[in-house]
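Following: one structure in structure tokens, then a few remarks.
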Amino acid sequence: MTTIWENVKAIQSTDANVRKYVFTSEGSKGAVAESVLYKYPTYEERTVICCSTQSGCPVGCRFCGTGEFFIRSLTGDEIVAQVQHLFADQEINPAEVARGQIMFMSMGEPLLNKQGLTDALRKLYALYPNFALLISTSAPDVDYKWVRDISVEIPTVGLQFSVHESTDEARDKLIPFKKKLNLEQIAFEGESWFMATGRQPFFNYCAHDKNSSQADADRLGFLFNSEIWQSTVSVICEQDESVAAANVRQRQLANDFMALLMDKGFSTRCFDPAGQDDIGGGCGQLWYVQDYAKNHPELTIKSCGAGKSKVHAPRVIEIVSV
Ligand code: SF4
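For the sequence shown, my numbering assigns the number 710 to the initial residue and increments by one for each residue that follows.
See below:
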């Protein structure tokens, strides 16, 4: 049991390879966080953790239940404690994991928590030098020199931008947070990060009916240099469609769009969200988290997308190496 968090609840998916955890603490500094643990197919072969960097999120993405409310940024220790608890709970020896990844993408915008993320990255690298540390960001308008510097300092850091649309107009609707980079600026920052680190950044794209045409692929190919960028296409689920039906149709959509991106020269992979149907794996939609927010109105503020969520999309990508 972690001493940083007062309570931890573990939820096993019907998919035996996925477990979700909800961490809570009470009082004026109370918070809720969630983490997801995946094995592929055993922890020794490949372990992936998605952990939270904030409690709730101020960005307010329309596809994300987390984006309905914001409590506060987590401390470095609160982030590290999630990871430590998952290892302990499943008796994983991190040193014996052949391919390990810790991804900052479960809840919160990592780049809006500079202090907590920096502290966590340093501590996690010291504890688990064999684990890749992936920052997944919606691209808020922050100081990207800091992101480059910490990525140079820590050679296991990877960077992924949630792009999701091929035009700024569509992306603004999906991600209403105003103080963010536009697509051209994302392309620039990704290239700068590549120049500084020598590692390839990723863009993540949730393909749906209205954003997966040849014209969308053309625009992405124009914006992002395929010699620098790799791409991930995620399968999304519409809220008004059963998960099973959605999965078949959306997976086909994602596969077709992947083929278009590959034609553009991108190394591309697909993410299909394991465990999303019953535990919200990889998506900040967990009922327990929503409940905590509802029961702690004194701690929460509404995010800019509150009340407008339409679809939920997995924000976990097919796991990549850095
Ligand atoms: S998708 Fe990420 S950045 Fe957007 S609201 Fe959810 S947690 Fe925040």
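Think of the CB as a built atom: it goes at the ideal place given N, C-alpha and C, for glycine as much as any other residue.
Remember, it's a predicted structure, so these values are computed and weren't measured experimentally.
Pick from the options that is closest to residue i, judged by C-alpha positions
i	options	result
R960	K973, E743, R978	R978
C766	P750, F813, T751, E735	F813
W855	Q999, L969, W902	W902
T846	F732, Q763, Q791	Q763
F778	C760, D786, G769	G769
T941	R958, C759, L795, A963	A963
T876	D925, I1010, S976	D925
I945	Y752, F772, T712	F772
Y914	R755, P838, L883, K889	L883
Spatial distance of residue i from residue j (CA atoms)
i	j	result
K919	W996	29 Å
V866	E818	16 Å
M816	Q923	32 Å
L892	A848	9 Å
V806	Y749	11 Å
L746	I844	16 Å
A742	Y730	8 Å
Q810	E878	33 Å
V792	F975	32 Å
Sequence-distant residues of the same chain with beta carbon closer than 6 Å to residue i, five excluded per side
i	result
G930	K973
G984	Its pLDDT being 45, under 50, G984 is placed unreliably in this model, and the coordinates cannot settle the point.
L1008	G739, I780
Y752	I801
Beta-bridge pairing of residue i - partner residues as DSSP gives them
i	result
S845	Q869
Q763	S782
M812	C759, L843
C915	S943
Q721	R728
I1010	F779
Reduced DSSP secondary structure (H/G/I, E/B, other) of residue i
i	result
L929	helix
F966	helix
K729	strand
N669	Since the displayed the chain opens at 710 and closes at 1031, residue 669 lies outside it and no answer follows.
I863	coil
L746	strand
Same chain, Cβ closer than 8 Å to residue i, five either side skipped, listed in chain order
i	result
E715	T733, S734, E735
G899	L868, F870, P910, F912, F933, I937, W938
R857	S901, W902, A905, T906
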